[in-house]
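See below for the structure under consideration.
There are 2 protein chains.
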Amino acid sequence: MDRILRIDMGAEGGPKTTITDLGEYAGLGGRAMTSAIVAKEVPPLCHPLGAENKLVIAPGLLSGTIAAMSGRLSIGCKSPLTGGIKESNAGGQPAQVLARLGYAAIVLEGKPADDTLYKIVINKDGVSIAADNSLKMKPNYDLVEKMKQEFGEKICCISIGPAGEMKMNVASIACTDMELRPTRHCGRGGVGAVMGSKGVKVIVLDDSGMTVRAPKNPDAFKDANRRFVEGLMKHPVTGQGLPAYGTNVLTNILSEAGGYPTFNFKQGSFDGASKISGETQAELEKKRGANPTHGCHRGCVIRCSGIYHDKDGKYLTKQPEYETVWSHGGNCGIDDLDAIAMLDFLDDNIGVDTIEMGATIGVAMEAGIARFGDAEAAIRLVKEVGQGTPLGRILGGGAAITGKVFGVERVPVVKGQAMPAYDPRAVKGIGVTYATSPMGADHTAGYAVTANILKVGGYVDPLKSEGQITLSRDLQIATAAVDSTGMCIFIAFAVLDQPETFQALLDLLNACYGLNLTGDGVVELGKKVLSMEREFNARAGFTKDHDRLPRFFSQEKLAPHQVTFDVKDEDLDKVFNW
Amino acid sequence: MDRILRIDMGAEGGPKTTITDLGEYAGLGGRAMTSAIVAKEVPPLCHPLGAENKLVIAPGLLSGTIAAMSGRLSIGCKSPLTGGIKESNAGGQPAQVLARLGYAAIVLEGKPADDTLYKIVINKDGVSIAADNSLKMKPNYDLVEKMKQEFGEKICCISIGPAGEMKMNVASIACTDMELRPTRHCGRGGVGAVMGSKGVKVIVLDDSGMTVRAPKNPDAFKDANRRFVEGLMKHPVTGQGLPAYGTNVLTNILSEAGGYPTFNFKQGSFDGASKISGETQAELEKKRGANPTHGCHRGCVIRCSGIYHDKDGKYLTKQPEYETVWSHGGNCGIDDLDAIAMLDFLDDNIGVDTIEMGATIGVAMEAGIARFGDAEAAIRLVKEVGQGTPLGRILGGGAAITGKVFGVERVPVVKGQAMPAYDPRAVKGIGVTYATSPMGADHTAGYAVTANILKVGGYVDPLKSEGQITLSRDLQIATAAVDSTGMCIFIAFAVLDQPETFQALLDLLNACYGLNLTGDGVVELGKKVLSMEREFNARAGFTKDHDRLPRFFSQEKLAPHQVTFDVKDEDLDKVFNW
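Chains as they are written, first to last, in our numbering: chain W, -11 to 566; chain P, -11 to 566.
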């Protein structure tokens, strides 16, 4: 993993590849790599869909090794949704495979002169790029099927659906899972639109003939991995809750806590929660012969993903995640798991971010385009996105655009990006993260739900403003570092609660690279990543006035706790004082 | 003109009026009044369509007197299009009438709980407000006709069409002209959407029984006005060019100068220019029994407006302005005056900004929604805006939104507002104004076309970057002051070239208010207004990085001069150094 592959999609005569060593980017991986390249090489005021933007695809520092949970792939660029820097990461196979192929990053640069669509194939023999307009407007499932026929079953794919080709703000980039299905998405920020603007439909990876990455100190690495896995298995969240019910275990918890945004952030709990909860979902999956406990990539031991079958017992989609069940479910007043699963399938197939898509439909329902609770209408609307009808184009612009187009006031976005499944009024720590993260509203950027709701890593009362700044700051720093390792963020549950599991993570990095990293070093890495990102955003025109929630959160009380978001602006401005 | 009328549209039990004296706003008028109230009373981070925004309607300092040209009405708010402060002004009758009724400002505040539509009637007896849902979705012409039947022929109206009710970013506020037609629009920045969000369809004004405003020093005022009118009549632009051909006299001039944005800012001159020029237009109008020389308000002596008849010699619309003939004409490759006149009528009737609307259609043509040059398609698209179809909603969002929805890179906007009819690469002074005005891209904010093209107020080579900063700075300051007087900005041609005409303007203000204002005082007023506006924008999150043109203007050369916009960023940052 000592090379960077650059592909100039705008070169005269067609795409041109250059392979270099890591140079100044040595020692970086995942989000640290994508943010460093974007911050250094992309003009902050460029058009996100123009030749000056770059799409950076990077496995994490530990990806490609035998380390458990190291399969996250980071994709970065200037975001067409937020106008700021973006890193979006996903599970699935590509991070491991790309790392084993030896690439620390793929950088897509420039812009083709016409609308030719390309596929890129990377294997042990090198890189080949071919125009293939037969792929135009293929949904992700069909596309992957075609690639399988063409290149065999040993591949994995990084691809866009029709939404990415149409350069929609909601467009995601799909990564195939262990079953070679396009179910794991770098969803947020419209990264799929940037891939579409580069004219790249799919990157096919095949690591046949390559071996697992060798750490500097193999014995110490193996030992650290053993302790790391033990720690994950021991913790109740990563060892029990997530494997049994997946992320959707949160539906009942959040609705009971009064922090479950319902009817486009009108209230904090949902009457239909139990009908779409992780418990109900897992039971249904088992009944239909599907599987609620499943890993999304090689080396996953938490196994929070799953498989969802339709009423006839046939594969419909992967087990919808909590955020998806919320965005298409409670947020739109929908309590029908089969409808939500269908929406999840459509999202994956068209290639859109399920969070942004569901939040957008919530705003459209607020505008009167459909009735809250109307699952059939929601399905029809997502299909329109895939078809690129005028209404589909509006919704494909995301929640902020949809709000503007229909003149809606209640639009739950920060920096143009829709909020995920936690109401910031009743989970104030996550509100601080939404407001201040350089990514726009993003739960994974500093997942304060841990201490606010799950009592992991301590407890901070979710309904009070006290303590939320420190909580969010620490989590944002830790997350920026973890996102650079290739580790799934869910390791945080165990790492936050168990010092020995955190030590095992450090030992993995040290044994892999021959380092002497301590906890302080991880904090420094996290701060460095956040600083690069904030500095890019500042040059793109962002100020502290963009680190704010929409004002209705501080003005409208949320039932059942009758709370507003009352963290003071001057405190929000202290999140990055370190 | 010593009172402020405030109407709380969100008061319990229905709209509630309060009339106060001027208080801290004494001595302000027009843009100085609207910007002062918005800057002081509107939270910069509020939602533009929410209860916290205010719509301020203010006649100028000299409106309502006998002073020639004093009929501009300023309307201000936080703009839903730009997200910053907005002042948009128009001619027509309302400024004179409102001033004679004694109001220095109407401030619409709050937000109705439901979607009831209101009409407000103001006459010598006071203010009455009535719900009238029969007016819903009425286009402006029908609406005014209904008001005429209800309240007689002595009224004038300030109203919104369907676009304002739908809270579209392109929505304007119409002011009726001397023939009681809704032809003069506060177009820019989506002010109509804010009026729509307040639930106000129309403000009917009737100054029957009121008298002309009396200046402090009547004889000096009369004398100053005489000298002022003499100066206007003497200058070739205000005394000859504008009366004969209207603003559209500029089409041939700009196209010949290579600064006429054609095919969505792809080239700088238009082959069809002579077919849609002011000269051709005036000839056609005369042939059809219409009138190319006509004033838009009482007291206008320049008379640059006119009347446009259709092929059958029947009234179709007012004489389309240069900016409209450009936006719907050359910018979209359309060279058919009758089609452009129809588009002008539709814009006025639906209630949209002709500049934003035409620029938006240009972007839609760039996206392939219609062919450049297809006038029928353009008419169909504008009709869709009026109907609020999904495609109409997209276009109603303006050029920036349309660009985002369709993934277009070439989108000529600054701060979200579309550029008018001068390419900043070939008229660099206006480029500086576009980039730096607190209003977003706006030609009237600092009309450097004077010295760049018309050689009025000196000459600064339009193709070179030298001298443009000073030119734009001086004009922006002067304009902010003139926009506060109620004077039509076209007086600037004479005032810039003829010191005695500038003195006459000062004498008008001094005689009216008993002041001793000098040229320096006017400059101070202009700086004060700009400073308030920029300070509001800074609190709304704007930085110097928003004072930039889209990057394609500095990267793509404009034919025929093969120029880019090369004024340096650090120089743009000096515009407001005074």
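Ideal Cβ positions, reconstructed from N, Cα and C, are used throughout, including at glycine.
Quick caveat, the model's predicted, so the values are computed rather than measured.
Name the residue from the options whose alpha carbon lies nearest to the alpha carbon of residue i.
i                : options                                    : result
ALA55 (chain P)  : P:ALA93, P:VAL225 and P:GLU218             : P:GLU218
ASP113 (chain P) : P:LEU105, P:GLY197 and P:ALA93             : P:GLY197
LEU463 (chain W) : W:THR473, W:LYS515, W:ASN504 and W:LEU494  : W:LYS515
PHE540 (chain P) : P:ASP561, P:ILE418, P:ARG413 and P:ILE465  : P:ARG413
ILE45 (chain W)  : W:LEU(-7), W:ALA358 and W:ARG215           : W:LEU(-7)
ILE143 (chain P) : P:CYS163, P:ARG522 and P:THR390            : P:CYS163
ASN319 (chain W) : W:LYS562, W:VAL483 and W:TYR410            : W:TYR410
ALA567 (chain P) : P:PHE360, P:GLY356, P:GLY346 and P:LEU369  : With chain P covering only -11 through 566, there is no way to say anything about residue 567 (chain P).
VAL200 (chain P) : P:ALA87, P:PHE216 and P:ASN236             : P:ALA87
ILE7 (chain W)   : W:GLU0, W:GLY1, W:GLY15 and W:ASP(-4)      : W:ASP(-4)
SER243 (chain W) : W:GLU488, W:VAL370 and W:TYR310            : W:TYR310
SER614 (chain W) : W:LYS189, W:THR531, W:SER315 and W:VAL555  : An answer regarding residue 614 (chain W) cannot be provided, because it is not within the stretch -11 to 566 covered by chain W.
LEU238 (chain W) : W:GLY434, W:GLY(-2), W:VAL313 and W:VAL396 : W:VAL313
GLY227 (chain W) : W:ALA482, W:GLY434 and W:ALA466            : W:ALA482
LEU442 (chain P) : P:ALA245, P:GLN486, P:LYS189 and P:VAL551  : P:ALA245
LEU105 (chain W) : W:GLU354, W:LYS189, W:SER62 and W:LEU459   : W:LYS189
ARG215 (chain P) : P:ALA492, P:GLY1 and P:LEU331              : P:ALA492
THR432 (chain W) : W:ILE343, W:LEU505, W:ASP561 and W:ASP9    : W:ILE343
LEU43 (chain P)  : P:GLU75, P:PHE553 and P:CYS500             : P:GLU75
Applying the criterion that 16 or more other CB atoms from any shown protein chain within 10 Å of the CB defines a buried residue, is residue i buried or exposed?
i                  : result
ARG176 (chain P)   : buried
ASP(-10) (chain W) : exposed
THR424 (chain P)   : buried
GLY11 (chain P)    : exposed
GLU454 (chain W)   : exposed
ASP103 (chain P)   : exposed
ALA577 (chain W)   : Because residue 577 (chain W) is not part of the residues shown, which for chain W are -11 to 566, the question remains open.
ALA327 (chain W)   : buried
SER122 (chain W)   : exposed
ASP195 (chain P)   : buried
TYR303 (chain W)   : exposed
ALA202 (chain W)   : exposed
GLN456 (chain W)   : buried
GLU364 (chain P)   : exposed
Determine the contact status of residue i and residue j, defining contact as a CB-CB distance below 8 Å.
i                : j                : result
GLN84 (chain W)  : GLY64 (chain W)  : no
LEU451 (chain W) : HIS549 (chain W) : yes
LEU497 (chain W) : LEU50 (chain W)  : yes
VAL192 (chain W) : VAL115 (chain W) : no
GLY404 (chain W) : GLY71 (chain W)  : yes
VAL401 (chain P) : ALA358 (chain P) : no
MET154 (chain W) : GLY317 (chain W) : no
ALA39 (chain P)  : ARG60 (chain P)  : no
ARG172 (chain W) : VAL132 (chain W) : no
ILE389 (chain W) : VAL393 (chain P) : yes
VAL517 (chain W) : ALA439 (chain W) : no
ALA616 (chain P) : VAL420 (chain P) : A question about residue 616 (chain P) goes unanswered here, because the residues of chain P that appear run from -11 up to 566.
ASP165 (chain W) : LYS274 (chain W) : no
Less than 8 Å between CB atoms is the rule here; does residue i satisfy it with respect to chain A?
i               : result
LEU33 (chain P) : The question asks about chain A, but that chain is absent: this structure's protein chains are W and P.
Counting pairs of beta carbons, one from the segment 31 to 40 of chain P and one from the segment 126 to 137 of chain P, are three or more of them closer than 8 Å? no
Give, in chain order, every unbroken run of the alpha helix (DSSP H) that is at least 4 residues long and sits entirely within the segment 124 to 203 of chain W. Under the rule that a run must span 4 or more residues, the alpha helix (DSSP H) segments found entirely inside the segment 124 to 203 of chain W read 128 to 139, 150 to 153 and 179 to 185.
Could you tell me whether the segment 290 to 307 of chain W touches the segment 250 to 264 of chain W, using the rule of 3 or more Cβ pairs below 8 Å? No: fewer than three Cβ pairs fall under 8 Å.
Ranges of the beta strand (DSSP E) found wholly within the segment -1 to 84 of chain W, counting only runs of at least 3: 4 to 9, 43 to 47, 61 to 66 and 73 to 78
Entirely within the segment 465 to 529 of chain P and at least 4 residues each: give me those alpha helix (DSSP H) ranges in chain order. 479 to 485, 487 to 501 and 507 to 527
Could you tell me which whole beta strand (DSSP E) segments of length 3 or greater appear in the segment 283 to 364 of chain P? 293 to 297 and 303 to 306
Inspect the CB distances between the segment 461 to 475 of chain P and the segment 10 to 24 of chain P and report whether three or more fall short of 8 Å. yes
Three-pair Cβ contact test at 8 Å for the segment 201 to 208 of chain W versus the segment 364 to 378 of chain W: no
Runs of alpha helix (DSSP H) lying entirely within the segment 352 to 421 of chain W, each at least 4 residues, in chain order: Those alpha helix (DSSP H) runs which fall completely within the segment 352 to 421 of chain W and span 4+ residues are 363 to 375, 378 to 384 and 387 to 394.
Runs of alpha helix (DSSP H) wholly within the segment 524 to 561 of chain W (minimum 4 residues, chain order): Entirely contained in the segment 524 to 561 of chain W, the alpha helix (DSSP H) runs reaching 4 residues are, in chain order, 540 to 543 and 557 to 560.
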